[in-house]
Amino acid sequence: MNWATAIVLIVLIAAVSGALGRRKRSQQEIERRAEEHPSEREKELENEVTELRERIQVLERIATDENSSEAVEARRIAAEIDKLKETDRQA
Numbered sequence: 103m104n105w106a107t108a109i110v111l112i113v114l115i116a117a118v119s120g121a122l123g124r125r126k127r128s129q130q131e132i133e134r135r136a137e138e139h140p141s142e143r144e145k146e147l148e149n150e151v152t153e154l155r156e157r158i159q160v161l162e163r164i165a166t167d168e169n170s171s172e173a174v175e176a177r178r179i180a181a182e183i184d185k186l187k188e189t190d191r192q193a
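So the sequence shown is numbered by the numbering used here: it starts at 103 and just counts up by one.
Put into structure tokens, the structure is as follows:
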């Protein structure tokens, strides 16, 4: 390899690394701006997630509601046990 080829390679490497560096910096800038200013679609998705979380809370409340058949049955059994305890104390 002669000196002219070495110089061309050095210049080529410097140019490529400079281009890659600029590309990386511009990509970081695009990502930073996207985080600062979410798109309309991202806002819609965030609203939808919020609404879905609220729905889940309602469904959880319904599932664990005190008026469910299981809760009614548990209260009935507890009342029956209390009644039996009172009967045993009186006897």
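For each residue, glycine too, the CB sits at the ideal point set by N, CA and C.
Integer Cβ distance of residue i from residue j, believed to fall under 8 Å
i	j	result
A173	D167	7 Å
Cβ-based neighbour list, residue i, same chain, cut-off 6 Å, excluding 5 preceding and 5 following
i	result
I112	none
heavy atom of the ligand FAD below 7 Å from residue i C-beta
i	result
S119	The ligand FAD is not among the ligands present in this structure, which contains no ligands whatsoever.
Close beta carbons around residue i, own chain, < 8 Å, minus the five adjacent residues each side
i	result
A117	none
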